[in-house]
Amino acid sequence: MFIEKKIVLRKNIFGLTGEVCLMKVLLINGSMRGNQSSSLKVAEAFVKGLVEENGEQNTEVVKINLREKNIEHCYGCFCCWKNNKGECIIRDDMDEIRKLVLESDVIIESFPLYFFGMPSKMKAFMDRMINFVSEYRAVNGDEATGRFLHEMRYPELMKKKLILVSACGYEETVDCYDAVIDQFDKICGHDNYTRIFVPQGGMLAEKTFENKIARYMVKFTEAGKEFAKNGRLSKETEDKLSIPMLGHNTFAQAINLNWDEPGVG
-11 MFIEKKIVLR
-1 KNIFGLTGEV
9 CLMKVLLING
19 SMRGNQSSSL
29 KVAEAFVKGL
39 VEENGEQNTE
49 VVKINLREKN
59 IEHCYGCFCC
69 WKNNKGECII
79 RDDMDEIRKL
89 VLESDVIIES
99 FPLYFFGMPS
109 KMKAFMDRMI
119 NFVSEYRAVN
129 GDEATGRFLH
139 EMRYPELMKK
149 KLILVSACGY
159 EETVDCYDAV
169 IDQFDKICGH
179 DNYTRIFVPQ
189 GGMLAEKTFE
199 NKIARYMVKF
209 TEAGKEFAKN
219 GRLSKETEDK
229 LSIPMLGHNT
239 FAQAINLNWD
249 EPGVG
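Position 238 of the sequence shown, counted from 1, bears residue number 226 in my numbering, the numbering being contiguous throughout.
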């Protein structure tokens, strides 16, 4: 699956100048719509910018559709914390996925917003990643200080870049992603991952807006280029990415027609 590492002379997203290895990008698609996912469209536009800026010969992209994978639910047995120290007792496709995560430099988790959280398949994947963190040991004042409740089991995980890409059906993203943000803040730390949350996701599949969608997606490709250069997105860019594609009146007409007319959407 992986091609041979190449050595390139350039400054990479980790701030290193000189001989650096091929940048590996892992795109995890958590949508049950597979390749028809609106969130995936945004993620792929972002990856396009990453590759264009970093160079196709210097970048490897591996995509996983979680709906095609056999991922058992976590048993909550804590064997990975108590008996096996980092090893899950369940043998399924998570073995392959964890290996890919450890070998990647940039991990992009793409998923739609389901009932103000992530889809169950994505949640199952996240639950099964718990063996990547160390067991919780109580310290007085944890909740008050905001200390990480779990340390990363493998130090190299802290060097990786995590990006969340999610589209929702609401007109704006304000307040919609509070539960998702809270979860990842507790797992990763508030400033240790990048969020790309996109409103009006359902409109990205509408053929009526095909030309407008094409223009709209350019900003995500440009954001990918920025991330490849700097290893982060500016606050200005983050704000720009959350701007809706359609104005209120157009969106309201389109979304209401979708529910009122069975043959639409």
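Heads up, the beta-carbon is just placed ideally off N, CA and C, and yes, glycines get one too.
Look at the stretch 198 to 230 and you find these whole runs of alpha helix (DSSP H), each 4 residues long or longer: 198 to 218 and 223 to 229. Here E97 has I16, G18, M110, L150, I151, L152 and V153 as same chain residues with Cβ atoms under 8 Å from its own Cβ, once five neighbours each way along the sequence are excluded. Between N53 and the set F99, L38 and G157, the nearest pair of CA atoms involves F99. Pairing M82 with R55 gives a Cβ-Cβ distance that is not under 8 Å.
Minimum Cα-Cα distance from A155 among the listed residues P107, K200, E139 and H236 corresponds to P107. In the DSSP annotation of this structure, the continuous segment of the alpha helix (DSSP H) that includes E84 starts and ends at M82 to E91.
With at least 16 other beta carbons inside 10 angstroms of its own, T161 counts as buried.
Annotation: K148 is outside any beta strand (DSSP E) and is labelled neither H nor E by DSSP. Bridge partners of Y102 according to DSSP: G105.
Within a 10 Å sphere around the beta-carbon of Y165 sit 16 or more other beta-carbons, which makes this residue buried. DSSP, read as helix, strand or coil, puts N71 in coil. Taking C-beta atoms under 8 Å as the contact rule, A167 and G105 qualify, at a distance of about 5 Å. Using a Cβ distance threshold of 8 Å, F215 and L88 do not count as a contacting pair. Secondary structure of M140 (DSSP, three-state): strand. In this structure, the CA atom of L145 is about 7 Å from the CA atom of L90. The three-state reading of DSSP puts M110 in helix, counting H, G and I together. Using a 10 angstroms sphere on the CB of S222, the tally of other CB atoms stays under 16, which defines it as exposed. Here G190 is actually not in contact with V35; their C-beta atoms are around 22 Å apart, not less than 8 Å. A202 counts as exposed, since fewer than 16 other C-beta atoms from the protein chains shown sit within 10 angstroms of its C-beta. Put simply, the stretch 228 to 248 touches the stretch 192 to 202. At least three CB pairs are less than 8 Å apart.
The stretch 119 to 128 and the stretch 59 to 75 touch, with three or more beta-carbon pairs separated by less than 8 Å. The three-state reading of DSSP puts S25 in coil, since its state is none of H, G, I, E or B. DSSP places M191 in the helix class (H, G or I) of the three-state scheme. Residue state for I77 is assigned as coil, using DSSP reduced to three classes. Per DSSP, the beta-bridge partners of I52 are I16.
With fewer than 16 other Cβ atoms from the protein chains shown falling within 10 Å of its own Cβ, C65 counts as exposed. In the DSSP annotation of this structure, T182 is not part of any alpha helix (DSSP H); the continuous beta strand (DSSP E) holding it starts and ends at T182 to V186. For V94, DSSP records a beta bridge to V13 and K149.
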